[in-house]
Each structure stands twice: as C-alpha cells, then as structure tokens.
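Enquirer: Starting off with a structure, shown below.
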Amino acid sequence: MLNINVDSDGIATVEFDYPNKSQNILNAASMGAYATQMQKLLADPSVKGIVLASAKKDFIAGGDLAELGAATDAAAFHQSIADWHKLMRGIELGGKPVAAALGGSALGGGMEIALGCHQRIAADNPKARFGFPEVTLGLLPGAGGTQRLPRLVGMQAAAPLLMEGKRIKVAEAQKIGMIHAVVPAGQERQAARKWVAEAIASGAKPLQPWDAKGFKIPGGGPATPAGMQMLMAANAMLREKTYDNYPAPRHILSCVYEGLATNLDTGLAIENRYFTNLVMSPVSKNMIRSLFFGMQEANKLASRPAGVAEQKYTKIGMLGAGMMGAGIAMSTAAAGIAVVLLDTTKEAAEKGKAYAAKQWGKQVEKGRLTQEAMDTLLARIQPTADYADLAACELVIEAVFESRSIKAEVTGKTESAIAPTAIFASNTSTLPITGLAEASKRPANFIGLHFFSPAEKMPLVEIIVGKQTSDETLARSMDYVRAIGKTPIVVNDSRGFYTSRVFGTYVSEGMALLEEGVPPALIDKAGLMAGMPVGPLALADEVSIELVHKIALQTKADLGAAYGERPADRVAAKMVGALGRLGRKSGGGFYDYPSDGPKHLWSGLADQFPQKVGADGTAMIGLDEIVERLILIQSVETARCLEEGVLRAPIDADIGAILGWGYPPFRGGPIGWLHTLGAKESVTSLERLAAKYGERFTPPARLKAMAAKGEAYYPG
Ligand code: NAD
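Numbers 7 to 722, taken from the working numbering, label the letters of the sequence shown in order.
The structure is reproduced here in structure tokens:
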C-alpha cells in the first residue's frame, strides 16, 4: 500500500503504491495505512521532513467510488472524515516540512492530500491533470478541498474547479497557485527532497498560508465586496442552470461561503456536514451507479455474449450518405477504420464526404486537429455508387430513407456483394428489425444499430436484436460500437425499440397536458424544472409533430382494436390536420420561428387548446404534479420495457436515457428514479396518476409485486 524509506538525513519518502491496480485510490484501507504511517513519522524524532510520492505514473486518482456509493451510516462516515481532517491538520502543524512530488495526475482526494502539504512540485507531464471531479458524481471534495483550494488560489479561480469539476493541466495549475513549481519529468522527487532539506536547514516552522499570521484570502473573502459579488452571481447562475436539482454544487457554494467566513478548522467541520449529507443522498448514489459503474460496465461490454472471438474492423460499408450516414462515417474513420460510403450516385456520396470535410475543417480552424490529420481521416472515406466496392467490408450499415422497400432493396444488393460472414445492420429509427430482416438471406447476421443525431457527436448506440439475430452477430456488433468509442445498450426488437418509445412518452405527456388546458409556457418550463434539457412541446416541434402523428397512425393500423387512443394522438392530429402546423422544419408547430428573432409560442395555441385556470389565474394542476407526470410517464414505460423483455437489464435503461435523450442524471435514469422513490411509493404515485389521467400510468405487474414484497430494486 505504502513504501516508506527514511534516508540518512532523516528525510522520509512515503510512496503510494496501491497493490494490483494501475492507479492509487483512496479507501478505508489505503487511508488507514497512510494515517498510521504518517502519525509514526510525525512522532519519530529522527524523521525531520517528508516527501510524498507515487509508485504509479499518476499520483492519486481519487476516492474509491464503490465504498462511497455503499456508505449508509452517516454518523460513522462523519466521524471517519473528522479523523481524517485531524490527521491532515497534524501534518500541516506538525513542525516537519512535507512536500508532494506529483509525477502525474492528482485528482479528488489525491489533490486534497497534496493541498495538505507545505509544498507541491509537479513534473512537466502533458498528460497530467489536476482537479476535483467529485461534483460530476453528485459529491464534493470532502477532504478539505472546498476549504484549502479557495484559501490558496482565491474563490474566483477555485470556482470552476470545485463547482464544475474542471481538470487543468500543469501550467495552469502553477499559474493559479495550486502548484508551487514545475520541473522536468522524472526530477520531481529530487526537487521535492531538495525543498524539504532546505526547509529543515532554515530551522523555520513550516506553515500553510492559512496558518500564518495575518493571512488573507487571495482576492478577498466572502464578506468583501468582490467576494459578495462573485458568490451572488455564482448562486444565481447555478440556479438558472440546474433549477436546484443538483445539491452538490449548491453545497459546495455553501461550504465556500460559510467556511471561508471563519477559520480553517471550523470550515472543515462545516464541509464535513455537507459532504456527509451528499454521500448519504440518493442523488450521489444514483449518479455513481449510472454515470460511473453503469457506464464502465457498458463500455467494458459486460453484456457481450461469451465465447465469440473479438472482431477487429478494418473496413465497413455505409449505405446512404445523408445526415446519419455521413456522421457514422466520420465516427468510424476517426477510429482508424476505412469506410465505403455508398449512395444512389457518386455525387450524392461525395456530399456525405463533403459534410465530414466541413465538420473536421471547423476543428482545424479551432486548432483542435491538424490539416495533416484531417487529410488522413478524409482519405479513409471512399465515396461510391458501386456495390462491388463493398466486397471487403466486415460490416455494412444502412442509413437510407426510412422506407421498408428501399431498405429491402439495398439489403439484397449488399448481400450479393459482401462475404457471407459479414454483418448487415440497419440504422432505422422506427421499423422493427425482425421485419426488415425478412429481406435478408442471412437473418442471423442482421441487426439494428440505432445511432442518434448528430451521429458524429452522440455517444450512444442502441443495438437492436431481431428474432433471428445470432449471439455472434451481437457480440461482433458490440465490438464495432466499442471500436468507434461509443457506448452500447442492447435491446430486443419491438415497436420504437427502447429509446424512441420512452422518449416519445415525455413528448406525448406534454401534449396531453396541453389538451387538459395547462398553459403551454408552464408545460415546457416544468420539463426544464424536471431536469430535462428541453420542454416537451419544444421537443415535439424539433422531432416534428407530423412524425408523432405518423407513428400514432402506423401503430393504430398495426394493432387495430387493441390500440388505445392517447390524448397526444388527438393533439397531433389537430395540429397536423386542421391547423397545418407540422413542427419546426415546416415553418412552425407549437412555436413560431421568426427569421429575425427568437422563437415564441404560437399565438393561436390558446384558441385551439383553451387554457383552464383557476379564479386566481393559476393552472388547475399543480406544478409539482406536472413535473411528476413528465418524469413518471418515462419511468412507467421503461418498467414496461423491462418487464416485456424489450430491455435486458435495468442499467441499460438508465444509460440509454441519460446518453440518448438527456434524461437528468441526478435521478439516476428512469429505473434509477423508481429505485430512488422505492417500489412502494412508485406504485402509490402511479396508481394515483392512473386513476386521474388514465391507464398509461398503470404500474406494471412486477413493479407491483416488488412493492407488495417490500423489494427496492429491479434485479440485475
Ligand atoms: P437523409 O435523408 O439525410 O439521408 C438518406 C440518404 O440515403 C440520402 O443521401 C439518400 O440519397 C440515400 N439513399 C436513399 N435511397 C438510397 C438507395 N436506394 N441507395 C443508397 N442510398 C440511398 O436521412 P437520415 O436522417 O440520414 O436518416 C437515414 C436513416 O437513419 C433513416 O432510416 C432514419 O430513420 C434513420 N435515423 C435518423 C435519425 C435522425 O435523427 N435523422 C436518427 C436515427 C436514425
């Protein structure tokens, strides 16, 4: 865990060396070992000074999230942090100079240990990053970070690091004063030792700036005019951005405001309370589970069928050089894989490549890509109209028009050109994969790879397994998704698959509220307050109300008498039919889009959907219930997807929602939110909403059974 060496001058080197891991992490075991050793060294009169270092390429990666995620005993946790603060204060005030030698990154708790040293010397390592990522997982830097950093660099410079989790490089860390000196890589230990030796020789008691007489916070504390102004602005901006859904940045701001008004020790006690509160909160547990562990599992392809050799890709085919085709080609070329980009004519295919050139060109202009690298990327994309060029492709993805017959035609033509072992994938957004596979001679090799727009940027791919898709095809397709650096979720074939189906319920619920007479401005605001990136009516305009209408008509035609009409169907039919308002692309929908100004709600909306307000002018449905409906409709539909076997694992639901349509991470995902509420409360709320608003809220059977048995989680 730690390698200790005391040299003949009485300078101890404490080297972090977490066993069997590539990174040093902080948990009960490693922190306990560190505390014991440091106390020993501080008490030993033959030890005059200490250098902290790491046996790995980085200093310390941060806290052990598994341990933080599992912590449930608030009192015990609070005490353990108080003990840690005592240790760090002991080091700061122990009279022995302590320097940190930072060979690589120091993040989170690792950076906090370094901040507790009298001197920080970093290697000039371009890969090293310094900062506090805690806030991105619903936590705060709880080992003194919210207190020491602003006392060291000022509140202004500390704000983006603490509140946004910004990681900075070594030069910037030195510039703001987080690091004292930068030396050529490999010399940091020697330099730290030299500093310790000189400090010993000087005979002066080493002190942190905040322990020295006359200490003032750089740039002013919270009670100065500058400090006041900064904190007020930060508070307002935070509220505007998050609708107060995220306790972590709010608590960080409170730690800074309250903690910097007093001395460091009281500040640390304040931080400990906020930290314990966050660690125990469902928000951080949700964020750690979905954003960290869930994402890690998905990216490791935890659900990849076993026993299939990994497929390496050298060349893929892309049918259709439109918006999606060009984006997928870009992502693929960026991963070093050659792309044959096929369209009806060579000119049409060239257009897709030109789109890629334009997007990459913007990056060259910004200095993010060299011209040479861009030329290499472009050289990987071969535009064509000739199916024979697809011969050597290991995988072909189609993104042609959303038409069964066109898709069938290109499937046949492609299969005549490619090897029998190659995979054929469809990027369809609405057509069931099993049906499309009927056009294939090799349905076992046929699969859905559903990308999101813009495909070159969006990180998720929804993999759709048809009835006859083989495990081998699934495994090899997952290899492709990983190769291009995107995150896969795996779903079974069904109408709307998973993402479109659940995302659609959010849009539809907004339209139902409109029909009930809720003011449209309130509906969209409630969506934002719920944590969604865009309100449901604005979103309906973006995806097009016509599409919502068409999908309803198609579903009705397919299901016949079994189809139950939803309020949104009536609203969409009216908007598209009588009113001719199809959405943003067609000139306007729920909103108008004037060319000379920002969009605004269509003035005719109030006549078409009369608003029902009470005598005091407020809506008949409370804001809380509107928010609840917009969120729970997604959860209940996701629970159905899980129970119908459309989804294979609850975590896929949560990752798919967060990455696919910007579902608010603080809720953990649509299933994560049911877990947060608990099955019992979820069922009670859903039954209440079902009684008031209809069957679409009726909780499915397994959720009800979980509630009856007192179970909290969907298994898996
Ligand atoms: P698009 O209209 O921008 O592009 C389609 C391209 O396919 C055009 O370049 C067209 O010339 C080409 N094409 C048509 N028939 C062809 C044929 N027989 N052979 C070769 N090329 C042919 O459409 P898009 O938005 O890129 O969508 C393509 C597919 O992706 C559709 O199935 C769509 O449902 C799906 N999709 C779209 C989105 C989205 O947000 N746009 C998201 C996910 C999936």
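Quick reminder that beta carbons are idealized off the backbone N, C-alpha and C, glycines included.
#1: Taking 8 Å as the limit between beta carbons, can you name the residues of its chain near A18, skipping five residues before and five after?
#2: Is L347 near A327, with beta carbons less than 8 Å apart?
#3: Using the Cβ count rule (16 or more neighbours within 10 Å means buried), how would you classify K291?
#4: Just checking T561 against ligand 2 - is the residue's beta carbon closer than 7 Å to any of the ligand's heavy atoms?
#5: Are the CB atoms of L145 and L284 within a distance shorter than 8 Å?
#6: Just confirm the distance between the C-beta atoms of E277 and C261, as a whole number of angstroms; I'd bet it's less than 8 Å.
#7: Which stretch, first to last residue, makes up the beta strand (DSSP E) that contains N451?
#8: I need the boundaries of the alpha helix (DSSP H) containing Q45, first residue and last residue.
#9: Taking 7 Å as the line, does the beta carbon of T320 fall inside it for any heavy atom of ligand 1?
#10: Relative to ligand 1, is the shortest distance from any of its heavy atoms to the C-beta of N278 smaller than 7 Å?
#11: Hey, would you say the C-beta of T434 is under 7 Å away from at least one heavy atom of ligand 1?
#12: Return yes when at least one heavy atom of ligand 1 lies under 7 Å from the C-beta of V467, else no.
#13: What I want to know is whether the C-beta of G326 ends up closer than 7 Å to one or more non-hydrogen atoms of ligand 1.
#14: So, V402 versus G323, is the Cβ gap smaller than 8 Å?
#15: Smallest Cα separation from D633: which of E701, G589 and G533?
#16: Taking the alpha helix (DSSP H) that F509 falls in, what are its first and last residues?
#17: Does the beta-carbon of N451 have 16 or more other beta-carbons within 10 angstroms, so that it is buried, or is it exposed?
#18: Please confirm if the stretch 29 to 37 is in contact with the stretch 168 to 178, defined as three or more CB-CB distances below 8 Å between the two stretches.
#19: Check each candidate in G570, M535 and K357 and name the one with the smallest Cα separation from D630.
#20: Which of the three DSSP states is assigned to P255 in this structure?
#21: Where does E462 land, buried or exposed, given buried means 16+ other C-beta within 10 angstroms?
#22: Taking all protein chains shown into account, do 16 or more other C-beta atoms lie within 10 angstroms of the C-beta of E415, making it buried, or fewer, making it exposed?
#23: Closest to L665 by C-alpha separation, out of T282, K605, L559 and I495, would be which residue?
#24: Taking only the alpha-carbon atoms, compute the straight-line gap between T475 and R310 and give it to the nearest angstrom.
#25: Any chance the CB of M329 is under 7 Å from a heavy atom of ligand 1?
#26: I'd like to know if the stretch 67 to 86 and the stretch 128 to 136 are in contact, where contact means that at least 3 CB-CB pairs between them fall below 8 Å.
#27: Could you tell me which uninterrupted beta strand (DSSP E) segments, each at least 3 residues in length, are contained entirely in the stretch 637 to 707, listed from first to last along the chain?
#28: Relative to the C-alpha of D381, which residue among G367, G373, I66 and R374 is closest?
#29: Answer yes or no: the CB of I412 versus the heavy atoms of ligand 1, is any distance below 7 Å?
#30: Starting from I276, follow the alpha helix (DSSP H) in both directions and report where the run begins and ends.
#31: In angstroms, rounded to a whole number, what distance separates the CA positions of M286 and L266?
#32: Quick check: is any heavy atom of ligand 1 less than 7 Å from the C-beta of D349?
#33: Would you kindly work out how many angstroms separate the C-alpha atoms of R507 and K419, rounded to a whole number?
#34: Of all the options A405, L396 and Q369, which has the alpha carbon lying nearest to the alpha carbon of I334?
#35: Beta-carbon separation of V487 and I469 under 8 Å?
#36: Do G122 and S60 count as a contact pair if the criterion is CB distance below 8 Å?
Expert: The relevant details are as follows:
#1: I10, N11, V12, L47, V53, G55, I56 and V57
#2: yes
#3: buried
#4: Judged by which ligands are present, ligand 2 is missing from the structure shown, whose ligands are ligand 1.
#5: yes
#6: 5 Å
#7: Looking at the DSSP string, N451 is not in any beta strand (DSSP E), and its letter there is neither H nor E.
#8: A34 to A49
#9: no
#10: no
#11: yes
#12: no
#13: yes
#14: yes
#15: Strictly speaking, residue 633 in this sequence is Val, with Asp absent from that position. Checking every option, the nearest Cα to that of V633 belongs to G533.
#16: T505 to E521
#17: buried
#18: no
#19: M535
#20: helix
#21: buried
#22: exposed
#23: I495
#24: 14 Å
#25: yes
#26: no
#27: none
#28: G367
#29: yes
#30: L270 to M286
#31: 24 Å
#32: yes
#33: 31 Å
#34: A405
#35: yes
#36: no
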